[in-house]
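Residue 190 in the UniProt record's numbering sits at position 190 of the sequence shown, and the numbers go up by one each step. No residue lacks a Cβ here, since even glycine has one placed at the ideal position from N, Cα and C. Data first, discussion second: the structure below is written as structure tokens.
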Amino acid sequence: MKKSTYENCFSKSSLKLSWERVISSVGADAKDYFGIGIFSRNTDIVLAELSELLLSEKYHPKRPFKYFEPKKSGTQRTKTVLNIEDALVFQAISNHIAELEFSNLIETNKCVFGSVLNENVSKGVQLLEAEPDNFYFFEFYVETYNRFISSINETIETGKVTHILETDITGFFDAIPHSTILLELKNRGIDTKILDIFAKCLNIWSGTRDCATYGVGIPQGPAGSFLIANIILDSLDRLAIKNGLHYYRFMDDIRIYGKSRDELVQCLVAIDRHLKSKSLCLNSEKTLIELIDEHNSGKEKFLDDYGISIEKENKEEISQEILEQNITQFREKENGFESLEAKEYLPLYRNALKDYEKKLKQFHRKSIKHDLWLIETSEMRDFLTSSQKWRTIVKILKDETDYKPNESMINIWLFGIRAFNWKTNNFVWNLQLYENLSDSYEDIFAVFYEFSAYEWVQYQILSIFKDASYLNLDEQQQLLQSIPKTDSPLVRLGYFKILLQTIKTNTRFFQSVAELVKDEKNVYVKNSILNSINKTQLKIPIETLKNWFI
Numbered sequence: 001m002k003k004s005t006y007e008n009c010f011s012k013s014s015l016k017l018s019w020e021r022v023i024s025s026v027g028a029d030a031k032d033y034f035g036i037g038i039f040s041r042n043t044d045i046v047l048a049e050l051s052e053l054l055l056s057e058k059y060h061p062k063r064p065f066k067y068f069e070p071k072k073s074g075t076q077r078t079k080t081v082l083n084i085e086d087a088l089v090f091q092a093i094s095n096h097i098a099e100l101e102f103s104n105l106i107e108t109n110k111c112v113f114g115s116v117l118n119e120n121v122s123k124g125v126q127l128l129e130a131e132p133d134n135f136y137f138f139e140f141y142v143e144t145y146n147r148f149i150s151s152i153n154e155t156i157e158t159g160k161v162t163h164i165l166e167t168d169i170t171g172f173f174d175a176i177p178h179s180t181i182l183l184e185l186k187n188r189g190i191d192t193k194i195l196d197i198f199a200k201c202l203n204i205w206s207g208t209r210d211c212a213t214y215g216v217g218i219p220q221g222p223a224g225s226f227l228i229a230n231i232i233l234d235s236l237d238r239l240a241i242k243n244g245l246h247y248y249r250f251m252d253d254i255r256i257y258g259k260s261r262d263e264l265v266q267c268l269v270a271i272d273r274h275l276k277s278k279s280l281c282l283n284s285e286k287t288l289i290e291l292i293d294e295h296n297s298g299k300e301k302f303l304d305d306y307g308i309s310i311e312k313e314n315k316e317e318i319s320q321e322i323l324e325q326n327i328t329q330f331r332e333k334e335n336g337f338e339s340l341e342a343k344e345y346l347p348l349y350r351n352a353l354k355d356y357e358k359k360l361k362q363f364h365r366k367s368i369k370h371d372l373w374l375i376e377t378s379e380m381r382d383f384l385t386s387s388q389k390w391r392t393i394v395k396i397l398k399d400e401t402d403y404k405p406n407e408s409m410i411n412i413w414l415f416g417i418r419a420f421n422w423k424t425n426n427f428v429w430n431l432q433l434y435e436n437l438s439d440s441y442e443d444i445f446a447v448f449y450e451f452s453a454y455e456w457v458q459y460q461i462l463s464i465f466k467d468a469s470y471l472n473l474d475e476q477q478q479l480l481q482s483i484p485k486t487d488s489p490l491v492r493l494g495y496f497k498i499l500l501q502t503i504k505t506n507t508r509f510f511q512s513v514a515e516l517v518k519d520e521k522n523v524y525v526k527n528s529i530l531n532s533i534n535k536t537q538l539k540i541p542i543e544t545l546k547n548w549f550i
């Protein structure tokens, strides 16, 4: 087995592999794009400098940007955006651990399905010479989730189980003690110098925007945190396998199937005791033991490559509804749709779109007559799924024709934000397909102000105006005046991104924006503004930029 050493972990080639994984990671909302932009201009040189800093033990982690993202329950999780140097260091440590532990972790792949390591991880830095198709750290989540559901359904179909135990861990990422992490990694032979620097990083990266929580918590967002979480739960997985349990885990979502309630109560006690030995606790509100019957089959829907729920037996039917013309949808070509002429498939798209819009409006009307909590979960899921499929079809129609989305659906998407605020980004993506929302400006901001307690929701709503050239001067002034009144740096960033698209230099309005940019105290917000300027190629005088950022 390869030996763990500090020098291998932070070599230039190791950081190069980290770079490839960070820029290809799917967590778009947890990337330091400003730092990535700087590193991209001279990658080899800056990676060499970072390696030298680490090897000479002069590297110091920085306090990251953090924001709050809502959960379905109404509580919020803290998401972390590490600056690029820290993101590379965390990924380098994660790469190192994953390479050494790969053969051990895949032993539990029949019951562990969340954040499953990509097989290329075992190759370490040798992957750089292999010219792989991708550098992804984990397998595609949809495929692993579908394996999770398939394994559960197969167990139920045997007829040998009658009850299900569902549970998860309270505040999992925020609650993992650093001592538990470091002891686990030490027992797995990870170099103590790596653990020393990792301990320092975890303390700096911990907690919320308001304060650090020294000694506890791992940052939600970076890929490495999911690896650490799986390593912490590895002993629980092995305990379940040893005892022959019908046990399936997707991150901290745990399902166990048994022949009686008493059997599962015993399992629950054993799991609870094991997790307490690691200073973790089960979420009592989400812990449930139920009989599997005709009303609760225990079966769940699969996902397609867009993360949309589908019935496995209806895969062909759903493909024809959407007519997805790419081979990634189900990893195979479906019925030769790719050879259809536009005149043949466009009418089918339009018909499918009418059906989805009808279903979405019916749900909206029903939700007005009844409280949302009285509506079946399956109907709410169908509403979310139909919203995603609407977006897929509209994008295709816009690409192929001069199609303009149905404006009567705007109220549906605003309702969606109100009803499913933790899914706000999905409805925002739908609204972004409209070329001009000036007539809905007041309605959109009515929803915006309803969510003053949820900064992520407000930030997402502001991103509706990603092409804000149609906003009039009064609307721009309203946004400008809101910035100094806004405590949330994330929401201030949302305002700035809109204004940067609308301003013209050498105007009084531009000078007002310039003063606010100059006075902005949050480094992440300021860097993101500069990144937006570079990305959109705004022609702002160099002297003005110096005044803002230097």
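Check: From F135, K504, T208 and L53, residue whose alpha carbon lies closest to that of E69; Outcome: T208
Check: DSSP-derived helix/strand/coil call for R381; Outcome: helix
Check: Backbone secondary structure at Y248 - three-state DSSP; Outcome: strand
Check: N95 and D32 closer than 8 Å at C-beta; Outcome: no
Check: For E69, the residue or residues it bridges with in DSSP; Outcome: R77
Check: Alpha helix (DSSP H) runs contained entirely in the segment 90-175, provided each spans 4 or more residues; Outcome: 127-130, 141-157 and 172-175
Check: Contact under 8 Å by Cβ, V491 with E455; Outcome: yes
Check: Y257 - containing alpha helix (DSSP H), residue span; Outcome: Run containing Y257: none in the alpha helix (DSSP H); it sits in the beta strand (DSSP E), D253 to G258.
Check: Pick from S13, N406, I533 and G224 that is closest to T80, judged by C-alpha positions; Outcome: G224
Check: Own chain partners of E263 with C-beta closer than 8 Å, once the 5 adjacent residues on each side are dropped; Outcome: H163
Check: Through-space distance from A30 to K518, alpha-carbon basis; Outcome: 25 Å
Check: C-alpha gap between F90 and F198, whole angstroms; Outcome: 8 Å
Check: Endpoints, the beta strand (DSSP E) within which E435 is located; Outcome: Neither: E435 is in no beta strand (DSSP E) and is coded neither H nor E.
Check: Cβ distance (whole Å) where L236 is taken to contact H274 below 8 Å; Outcome: 6 Å
Check: 7 Å CB neighbourhood of R63 in its chain, flanking five on each side removed; Outcome: I204
Check: CB of K366 within 8 Å of CB of I412, strictly; Outcome: no
Check: Three-way DSSP call (helix, strand, coil) for L490 in this model; Outcome: helix
Check: Presumed contact (8 Å Cβ cut-off) between E184 and I232, rounded CB distance; Outcome: 6 Å
Check: Residue environment, C267, which counts as buried when at least 16 other CB atoms sit within 10 Å; Outcome: buried
Check: Simplified DSSP state of P484, which is helix, strand or coil; Outcome: helix
Check: For L282: DSSP bridge partner residues; Outcome: I169
Check: L88 (DSSP reduced to helix, strand or coil); Outcome: helix
Check: Whole-Å CB distance - G37 paired with N531, under 8 Å assumed; Outcome: 6 Å
Check: Buried/exposed call for I194, threshold 16 Cβ in 10 Å; Outcome: buried
Check: Per DSSP, the bridge partner or partners of P61; Outcome: Paired residues: none, contrary to the question.
Check: Proximity of W422 and K72 at Cβ, strictly below 8 Å; Outcome: yes
Check: Assumed close pair I218, L202 - CB separation to whole angstroms, cut-off 8 Å; Outcome: 7 Å
Check: G244 burial status per 10 Å Cβ neighbour count (16 or more: buried); Outcome: exposed
Check: Contacting residues, own chain, Cβ-Cβ under 7 Å from I498 (five flanking each side not counted); Outcome: L462, F465, A468 and L479
Check: Cβ shell of Y349 (< 7 Å), same chain only, five flanking positions each side left out; Outcome: L323, I393, I396 and L397
Check: Collapsed DSSP secondary structure at P347 in the structure displayed; Outcome: helix
Check: C-beta contact flag for Q388 and V428 at 8 Å; Outcome: no
Check: Spatially closest choice to F250 from I152, A453 and T180, by CA coordinates; Outcome: I152
Check: N8 classed as buried or exposed, judged by whether at least 16 other C-beta atoms fall within 10 angstroms; Outcome: buried
Check: Contact the segment 48-63 vs the segment 170-181: 3+ CB pairs below 8 Å; Outcome: no
Check: Run of the alpha helix (DSSP H) containing H178, from where it starts to where it stops; Outcome: H178 to N187
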